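Engineer:
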Amino acid sequence: MKKIVKENLPALFRAIAAQQDLFLPIKTAGQTNFGLWTEEAEVDLETLKTVKSGKDMFFPQSETLYTCLKDDKKIYIKPEALQDRNFVAFGMKGCDVKGLEVLDRVFLADPVDTFYAARRKHGIIVAMACNEPETSCFCKVFGVDCAEPSADVAVWLTSTALCWKAQTEKGEALTATLTAAGLLEEATEADLHHVEGEKAVTRAIVEKLPYMNLSLEGWNGEALNEKFNSPLWEKLYKGCLACGTCTFVCPTCQCYDIKDYKTGTGVQRYRCWDSCMYSDFTMMAHGNNRTSQMQRYRQRFMHKLIYFPANNDGMYSCVGCGRCVEKCPSSLNIVKVIKAFAAEKTNEGGAR
Amino acid sequence: MQRLIDRAKELLADGTVVRVLGWKAGDMGYNPEPAMFDNAAELRNFVYDGFCGANLSKFMIEASKLEGKTLVFLKPCDTYSFNQLIKEHRVDRDKAYIIGVGCQGKLSMEKIKSMGVKAIESVSGADAFDAAEELTFETLYGEKTVAYKDAMLQRCHVCKGKEHMIYDELLGESKDTKDADRFAEVERIEAMSPEERFAFFQAELSKCIRCNACRNVCPACSCRKCIFDGTKYDSAQKANTTSFEEKMFHIIRAFHVAGRCTDCGECSRVCPQGIPLHLFNRKFIKDIETFYGEYQAGADTDSKGPLTSYTFDDVEPSIVAERG
Amino acid sequence: MCECNCHTNYTLDTLIPQVGIITDIRQETPDVKTFRVNAPEGGKLFEHMPGQCAMVCVPGVSEAMFSITSSPTNKEYQEFSIKRCGELTDVLHSMQVGDEITVRGPYGNNFPVETELKGKNLLFIAGGIGLAPLRSVINYVLDNRENYGTVDIVYGSRSADDLVQLKEIQEVWMKAEGVNVHLTIDRPQDGWDGHVGFVPAYVKELNMTTDKTVLICGPPIMIKFVLAGLLEMGFSKEQVYTTLELRMKCGIGKCGRCNIGSKYVCKDGPVFRFDEIDELPNEY
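Each protein sequence line maps, in turn, to chains C, W and Z.
The numbering of the first sequence is our numbering, which starts it at 1 and goes up by one.
The numbering of the second sequence is our numbering, which starts it at 1001 and goes up by one.
The numbering of the third sequence is our numbering, which starts it at 2001 and goes up by one.
(1) Between the Cα of Tyr2050 of chain Z and those of Z:Gln2096, Z:Thr2102 and Z:Phe2080, spot the shortest distance and give me the residue it belongs to.
(2) Classify Trp273 of chain C as helix, strand or coil using the three-state DSSP reduction.
(3) Please tell me whether Thr2023 of chain Z and Val2037 of chain Z are closer than 8 Å, where the distance is taken between their beta carbons.
(4) At a Cβ threshold of 8 Å, is Tyr256 of chain C touching chain Z?
(5) For Glu7 of chain C and Glu1110 of chain W, I'd like the C-alpha separation in whole angstroms.
(6) So is Pro79 of chain C in contact with chain Z if we call contact Cβ pairs under 8 Å?
(7) Cβ atoms of Gln83 of chain C and His122 of chain C: under 8 Å apart, would you say?
(8) Determine which residues share a DSSP beta bridge with His2195 of chain Z and list them.
(9) Thinking Arg1269 of chain W and Ser1108 of chain W are a contact (beta carbons under 8 Å), I'd like their distance in whole angstroms, please.
(10) Can you tell me which of C:Ile338, C:Phe13 and C:Glu148 puts its alpha carbon nearest to the alpha carbon of Trp219 of chain C?
(11) Going by DSSP in three states, Gln1296 of chain W sits in which element: helix, strand or coil?
(12) Please report how far the alpha carbon of Glu234 of chain C lies from the alpha carbon of Met294 of chain C, in whole angstroms.
(13) Beta carbons nearer than 8 Å to chain W: which residues of the region 100-134 of chain C have them?
(14) By how many angstroms is the C-alpha of Asp1049 of chain W removed from the C-alpha of Thr1136 of chain W?
(15) With a cut-off of 8 Å on the beta carbons, I'd call Thr1145 of chain W and Glu1134 of chain W a contact; round off their distance for me.
(16) Does the CB of Val1270 of chain W have a neighbour CB from chain C at under 8 Å?
(17) Suppose you measure from the CA of Cys2006 of chain Z to the CA of Tyr270 of chain C; what does that come to, to the nearest Å?
(18) For a contact meaning CB atoms closer than 7 Å, what does Ala29 of chain C contact in chain W?
(19) Note down, one range per segment and in chain order, each beta strand (DSSP E) of at least 3 residues found wholly within the region 153-224 of chain C.
(20) What span of residues does the alpha helix (DSSP H) with Tyr1030 of chain W cover, start to end?
(21) Report the rounded CA-to-CA distance for Gln254 of chain C versus Arg119 of chain C, giving the unit in angstroms.
(22) Per the DSSP calculation, Arg2026 of chain Z is bridged to which residue(s)?
(23) In chain order, what residues of the same chain lie with their CB nearer than 6 Å to the CB of Thr158 of chain C, ignoring the 5 residues before and after it?
(24) Spell out the partners DSSP gives Ile4 of chain C in its beta bridges.
(25) Applying a beta-carbon distance threshold of less than 8 Å, which residues of chain W neighbour Gln295 of chain C?
(26) Are the Cβ atoms of Ala2054 of chain Z and Arg2104 of chain Z separated by less than 8 Å?
(27) What's the gap between the Cα of Asn2147 of chain Z and the Cα of Val325 of chain C?
(28) Which residues in the same chain as Ala1054 of chain W place their Cβ atom closer than 6 Å to its Cβ, once the five residues preceding and following it in sequence are excluded?
(29) Counting contacts by CB-CB distance shorter than 8 Å, is Arg352 of chain C in contact with chain W?
(30) Taking Cβ to Cβ, would you say Thr265 of chain C is nearer than 8 Å to Lys327 of chain C?
(31) Quick test of the definition: if touching needs 3 or more C-beta pairs under 8 Å, does the region 1218-1229 of chain W touch the region 1085-1094 of chain W?
(32) Arg105 of chain C to Asn312 of chain C, Cα distance in whole Å?
(33) Could you compute how far the alpha carbon of Arg1215 of chain W sits from the alpha carbon of Arg1253 of chain W?
(34) Between Glu344 of chain C and Glu217 of chain C, what straight-line distance do the alpha-carbon atoms span, to the nearest angstrom?
(35) Using a Cβ-Cβ cutoff of less than 7 Å, which residues in the same chain neighbour Lys1075 of chain W once the five nearest sequence positions on both sides are dropped?
(36) Which residue or residues does DSSP assign as beta-bridge partners of Arg1019 of chain W?
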């Protein structure tokens, strides 16, 4: 394991940014999100959760796919260049990284989304262990160990230093460069001890989190129609404003729209995040198959908890980051959905 | 709170209403959700406390389309929105039985968290009609206390008052929570140089993720189809293709609700990025008051709005231009 | 610094279309035109299988999924029969031979012409523009006639003027060996001496033997009643295929809108067997 004393973090960031783009949590007008490092940026490693998960480093909210130019009747298509420069995503949390594994199942499945694939290929992820998790967190339910995130590099921020452990070839290469530059030094026994201590403390807190024992029993492919037809949805969706907050802060939501932007000289074909909560999500010239908010609300959770696992060897499209829990304007969320179905089950078995 | 549940049960039982629009307790003591209760049994989950900031007026648009009367609980500031919706023929007064509930200031989880309270397991002091001076939080990292006032939503600091503008009956005690000047923030921004002002809004609006929470929660945004949802324009509501688009979305929205916005503050409450969106609306309200005299949208159901009526005394456009 | 070749293979991304040139336009009915599309340098844009779809786009207007109505056995071009029903199709209908559009695809699965359908007696049932995807299969079958048994085609439309591909039906299909074509229109009409009546009723009247594999495409209401009729006649759902060309956007099962349960119409479909559809939640 390597380390760097806290005071030298700006030098570390400067050195990384000199070689490639560096994205990390930056505070702008009071809110922390992943952004491009600059000397002026206010780096914020203290905030537990960025508002957005950081998936936009790999799957931007809007990105141009190609530009169409017209010359009389002729059409010319100029595809957008793919990411061909390395970049470092510093400070993602265990849940965020797990979120990418979910996105990989979608975008790297045949036919590969080359835009995403190029970013995955060139992205080096330095994931930071959590300390002091929130009561909204439930990543352990989805098999994430937030005390020791799995990524190219895992880092721990202690009171005095950032401890650094390469976990992949990509991570080793970055570590070697930074060590050669004299930025990273060998961690001492005391540092290792400190990190182990931090891990133990965090894991102990995780055990106490209120959603820690959330049961996913019954959320599998066989229950598809039973869950789909449940009268509970009619109750659960009522407070939904049909906004896209949950989907846009979610590390695993990947639905997108494809649209044209007229530049004046041509047409830019771009894709942008879309939300299954939006009333026009499934609107097409010949009709709409999800016309009510109940149907749209149901779709989001059926997708995350049943459809996605059915298509992806049981992997859920939720990583327990708890962003929706914290951000929904109406305090609706996936936990409430899971709990409501569990309670229904208990009621059925009980007095009723 | 039990008073509200009991009264709701009575009104359901005697057939005055067929459903109840209120708040349902969440699983954490600080995350209630707007909810519809169809019978007395469901009311066991009813809650009303300091965390019930959601303005239920807009939900009445949908409830007005249902058979029978809906009992709705409205806080004093929510009644302005309801009146405005009546004025715009978006809700049906006859389909609503309004209990004006007392309000002692509603709480902001964002604010509470910004004061270093995290991993909350339980909270006390947030009682609706007997709010404590101090909120006490049991957290995974120890007990924390926060002054109730410091934890309030921004809008409660400029509270419009304890009076309900429309109701069938009243329940619960209110408290005056106003401790700031409504236009102080606007004046601070007006005093900025154009460059500073631009930088301020640039920083704030660049955070926008186009989730549309502000629009969807806004009682004044009641268009059946929002212009930003149209496919005919390049202004896709969810794309942040350019920073210009983000600004345009919020500025157009502010213009569209000008004169109709009651300053309910829901836009700022729901923004996941903490953008103080109310500032746009409040600037318009301030200007309207300057040019046309004092006016509070939603204070009644029949007065003409300053921007939808014309008098010979109206201010000349040139004055607006000069003042900038 | 980087030795990867990912910036050189970007044209492979399936979201990036090819330019297609319209080389022929046939007015089939008052609101349906068939567009022939070639690569600008000549030849076909891509190879496809019967039942597959492609995204047709007029840049700056819109893009939508259409079934490829020509058969893969046609080595020269692809064809799309397009009904005028919205913004994009309005513009397409105003286009001329020589105009360019963009096309991406082919997308989706196909009717199992090389597997389950091989050696089978086939019954095609189409209504209105629903003939478009089936025409690809029918011509594929006719061009590989020895691989299939008997062929029956039941095709109906609102009126005689709304029957698409009438010329091909009369000049090719009706003359082909071992092929029975049964046309019907909804209401009597001057100059029409064929059958009059709705497709589901006609199918029952024809009293087809149940030794056939059935391929249906048409308006949802027609499909519903045809299926019910077939089941009454003793067909099983395992014998009946249809195509659900609805709601697709990306075409590759990623954008998230065309799913019915865990199946994506654009990727797992558009062709489904009815016993498969039965297992899906009722959201189509």
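Idealized CB from N, CA, C, for every residue including glycine.
Note that this is a predicted model, so its numbers are computed, not measured.
Structural biologist: The answer reads as follows:
(1) Correcting the residue identity first, residue 2050 of chain Z is Pro in this sequence and not Tyr. Checking every option, the nearest Cα to that of Pro2050 of chain Z belongs to Z:Phe2080.
(2) For Trp273 of chain C, the secondary structure class from DSSP, reduced to helix, strand or coil, is strand.
(3) Judged by beta-carbon spacing, Val2037 of chain Z lies within the 8 Å limit of Thr2023 of chain Z, meaning their Cβ atoms are closer than that value.
(4) At least one CB atom of chain Z sits nearer than 8 Å to the CB of Tyr256 of chain C.
(5) Cα-Cα distance, rounded: 30 Å.
(6) It does: the Cβ of Pro79 of chain C has a partner Cβ on chain Z nearer than 8 Å.
(7) In terms of Cβ geometry, His122 of chain C and Gln83 of chain C form a close pair [threshold 8 Å].
(8) According to DSSP, which records beta bridges pairwise, His2195 of chain Z is partnered with Z:Thr2184.
(9) Rounded, the Cβ-Cβ distance is 7 Å, consistent with contact.
(10) Taking the Cα of Trp219 of chain C as reference, the smallest distance to any Cα among C:Ile338, C:Phe13 and C:Glu148 is reached at C:Ile338.
(11) In the structure shown, Gln1296 of chain W adopts coil according to DSSP, grouped into three states.
(12) Near 6 Å, if we compare the C-alpha coordinates of Met294 of chain C and Glu234 of chain C.
(13) Taken in chain order, the members of the region 100-134 of chain C whose beta-carbon sits within less than 8 Å of a beta-carbon on chain W are Glu132, Pro133 and Glu134.
(14) The C-alpha of Asp1049 of chain W is placed about 14 Å away from the C-alpha of Thr1136 of chain W.
(15) Contact annotation, Thr1145 of chain W with Glu1134 of chain W: C-beta distance approximately 5 Å; criterion of less than 8 Å satisfied.
(16) Val1270 of chain W has a beta carbon lying within less than 8 Å of a beta carbon in chain C.
(17) Residue placement at Cys2006 of chain Z is flagged as unreliable, the pLDDT there being 42, under the threshold of 50; the coordinate-derived value follows with that caveat. Going from the Cα of Cys2006 of chain Z to the Cα of Tyr270 of chain C covers about 19 Å.
(18) Within 7 Å Cβ-Cβ: Ala1203, Glu1204 and Lys1207.
(19) Counting only runs of 3 or more, we get 153-157 and 161-166.
(20) For Tyr1030 of chain W, there is no enclosing alpha helix (DSSP H), since its DSSP letter is neither H nor E.
(21) When rounded, the distance between both Cα atoms is 15 Å.
(22) Arg2026 of chain Z pairs with Z:Thr2034.
(23) Around Thr158 of chain C: His194.
(24) As DSSP reads the structure, Ile4 of chain C sits in a beta bridge with C:Leu162.
(25) Here the premise fails: no neighbours, minimum Cβ distance about 15 Å.
(26) With a cutoff of 8 Å on beta-carbon distance, Ala2054 of chain Z and Arg2104 of chain Z are scored as near each other.
(27) C-alpha of Asn2147 of chain Z to C-alpha of Val325 of chain C: approximately 58 Å in a straight line.
(28) The answer, listed in chain order, is Pro1034.
(29) Because the pLDDT of Arg352 of chain C is 37, which lies under 50, any placement of that residue in the model is unreliable, and the question is left without a value.
(30) Using a Cβ distance threshold of 8 Å, Thr265 of chain C and Lys327 of chain C do not count as a contacting pair.
(31) Counting Cβ pairs under 8 Å, three or more are found: they touch.
(32) Arg105 of chain C and Asn312 of chain C have their alpha carbons spaced roughly 7 Å apart.
(33) When rounded, the distance between both Cα atoms is 8 Å.
(34) In a straight line, the C-alpha of Glu344 of chain C is about 13 Å away from that of Glu217 of chain C.
(35) Contacts found: Val1101 and Cys1103.
(36) Paired residue(s): W:Thr1070.
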